[in-house]
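Worksheet: the structure to be examined is printed underneath.
There are 2 protein chains.
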Amino acid sequence: MPRVVKEYDERYAEFLDVAQRLFYQKGYDQTSVQDIIQAMGVAKGLFYHYFRSKADLLDALIERMADQAVASLQPMVNDPTLDAQTKLHRFFDSTQNWKLANKAFMLELTRVLYRDENTLMRTKIARAGVERIAPLLADILRQGVAEGVYDVEHPEESAPILLELGQSLANAMVDVLLNPPAAETDLEASLATLERQVRAHERAMERILGAPPCSIVMMTTEQLRAWFT
Amino acid sequence: MPRVVKEYDERYAEFLDVAQRLFYQKGYDQTSVQDIIQAMGVAKGLFYHYFRSKADLLDALIERMADQAVASLQPMVNDPTLDAQTKLHRFFDSTQNWKLANKAFMLELTRVLYRDENTLMRTKIARAGVERIAPLLADILRQGVAEGVYDVEHPEESAPILLELGQSLANAMVDVLLNPPAAETDLEASLATLERQVRAHERAMERILGAPPCSIVMMTTEQLRAWFT
DNA sequence: TACTCATTGACTGACCGTCGGTCAGTAATA
DNA sequence: TATTACTGACCGACGGTCAGTCAATGAGTA
């Protein structure tokens, strides 16, 4: 194998890029170190020159993903011209619409991530998401309390609760999405159940925030049905 | 190796018993099929005569654990002499006290289960717990609505939300429990944060239930501090 | 300025132990 | 005799190790 020398940072990023692509395609467990170095055209030892273990690479990758997520939300949260309710609404709506716009990719990714063997990667992503995004959400909550539209005693501690509520709803969606009922009538029944779950989550969130009923829309009926067409 | 023939059910239960003991001691990934058959004094092939894979054994084991958990809660939930508030209080208090009574074992088990390599097992246990126990909790919620002490629009869909809220609090506890601050002052700070998290979860739960503030106690200050002495 | 030469660190690839899983065959039971 | 609980040698793949290669860098010297 020809020897190609690169700078540390460039090589490091290359490992993360290739690993991310392969992990998204095949999952963490199903991607061997052999697969990664083969895709890069380098030798095994080089991998362990940059990472102490395969798990170490996963941690580094998720750290980078979390950084990117925070960076994409930060401007909106800091925008002084928006009120808290608008920010919270965008919080849900923009990510929801982005996912729907990339529906095919998201479905494929979900199918991979929700396999048993990828539980570690899925859990790490979820946890990093909550940990890093909670402070941003807490800012929105505090703003809402100051504006008098929310009533939350512990914004800092309530933010992660709300985010986990959101992930709980996402999990319920994925359950149906990955095991779609065969018959038409069964699908309608599942959609009705899902709709009730969405509403239950919305009511829960409103009450935690001290916001009036039906003031929060995490997902519209149209957005929900759009996933199943 | 001497050949010992047993009946199917007996051997099957023996596999589950030995696997549970080893998984609790060393974790799922760190327990090899070799470890299990060695502890039983049987050959490799026998394992695959009873289970299609190692993952299959884990599923069977967790199924059995969930059955036992439901069976231990069922009588209390069905007791017609108890009101809903009493049932919900026992729901938390009895499990909390049982865990504290078996503190040493629970700490050891937690240290194992919360290792990265055991994420699959931990997640499966949590998920099976929510799925199987949610119907029981939903019964309590419906009873509470009938008694006029709770105000929940969707009891069936709210039950899993409350259970996940409980697990979210448990995770926060474990975070501190497994990474105890070195200095005395740091520990006090962590305990204060933890206390706020407990209160935030209690307030969230009360509001979801439509119950008055401070009517729910998931964990007393004494119970919380008891974990750190 | 041109030439050494030691040091650094990116890089190679053969090798290792362990793992989950297979399968052809054996012995006990009904 | 048919069934089935059971054995154990064997397999390929995996994560990880390590002794050694080689290109670039820069300080010391003529």
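Chains A and B supply the protein sequences, listed in that same order. This note's numbering puts the last residue of the first sequence at 272; the count rises by one with no breaks. This note's numbering puts the last residue of the second sequence at 272; the count rises by one with no breaks. Just so you know, even glycine gets a beta-carbon here, dropped at the ideal spot from N, CA and C.
Quick check: what's the CA-CA separation for residue i versus residue j?
i	j	result
B:Arg-107	A:Leu-252	39 Å
A:Leu-131	A:Lys-142	17 Å
A:Arg-158	B:Glu-160	16 Å
B:Phe-148	A:Gly-84	49 Å
B:Ala-254	B:Arg-246	9 Å
B:Phe-271	B:Leu-220	7 Å
A:Leu-116	B:Leu-59	47 Å
A:Val-155	A:Lys-49	32 Å
B:Ala-19	B:Ser-96	Here chain B covers residues 44 to 272 and nothing more, so residue 19 of chain B does not appear.
B:Val-260	B:Gly-88	51 Å
A:Pro-256	B:Pro-203	20 Å
B:Thr-74	A:Gln-73	20 Å
B:Leu-267	B:Asp-110	28 Å
A:Lys-167	A:Leu-150	19 Å
A:Ala-226	A:Ala-144	27 Å
A:Asn-214	A:Phe-90	34 Å
B:Thr-228	B:Gln-210	27 Å
A:Val-47	A:Asp-102	26 Å
B:Asp-126	A:Ala-269	43 Å
B:Ala-236	B:Asn-140	What sits at residue 236 of chain B in the sequence shown is Thr, not Ala. For B:Thr-236 and B:Asn-140, the distance between alpha carbons rounds to 22 Å.
A:Leu-65	A:Val-76	11 Å
A:Met-216	A:Lys-146	14 Å
B:Ala-232	A:Gln-68	43 Å
A:Val-61	A:Ala-114	22 Å
B:Pro-118	B:Asp-218	33 Å
A:Ser-258	A:Ser-137	17 Å
B:Ala-112	A:Ala-112	39 Å
Could you tell me which of the options sits nearest to residue i, measuring between CA atoms?
i	options	result
B:Phe-135	B:Lys-49, B:Arg-268, B:Pro-223 and B:Leu-212	B:Leu-212
B:Arg-54	B:Thr-74, B:Gln-73, B:Ile-79 and B:Ser-75	B:Ile-79
B:Gln-63	B:Val-48, B:Ala-86, B:Val-188 and B:Ile-105	B:Ile-105
B:Glu-238	B:Leu-184, B:Asp-229, B:Met-262 and B:Arg-250	B:Met-262
A:Leu-184	A:Val-120, A:Thr-162, A:Ala-225 and A:Val-155	A:Val-120
A:Asp-52	A:Ser-201, A:Gln-77, A:Leu-100 and A:Tyr-93	A:Tyr-93
B:Glu-265	B:Val-241, B:Ala-215 and B:Asp-218	B:Val-241
A:Leu-100	A:Asn-140, A:Ser-233 and A:Ala-56	A:Ala-56
A:Ala-98	A:Met-164, A:Glu-227 and A:Val-260	A:Met-164
B:Gly-123	B:Ala-225, B:Arg-268, B:Glu-190 and B:Val-47	Note that residue 123 of chain B is Pro in the sequence shown here, rather than Gly. Out of B:Ala-225, B:Arg-268, B:Glu-190 and B:Val-47, B:Glu-190 has the C-alpha closest to the C-alpha of B:Pro-123.
B:Met-44	B:Asn-140, B:Ser-137, B:Gln-81 and B:Asp-218	B:Gln-81
Rounded to whole angstroms, how far is the Cβ of residue i from the Cβ of residue j, which I believe are closer than 8 Å?
i	j	result
A:Leu-205	A:Met-248	6 Å
B:His-244	A:Ala-243	That pair is no contact at about 18 Å.
A:Gln-128	A:Gly-70	About 39 Å separates the two Cβ atoms, so there is no contact after all.
A:Glu-199	A:Ala-181	5 Å
A:Thr-323	B:Thr-162	Within the shown structure, residues of chain A are numbered from 44 to 272, placing residue 323 of chain A beyond reach of any answer.
A:Val-195	A:Ser-201	5 Å
B:Leu-230	B:Pro-223	7 Å
A:Arg-250	B:Arg-133	Wrong, their Cβ atoms sit about 24 Å apart, outside the cutoff.
Under 8 Å, with one C-beta from each stretch per pair, do the region 174–193 of chain A and the region 167–185 of chain B reach the 3-pair mark?
no
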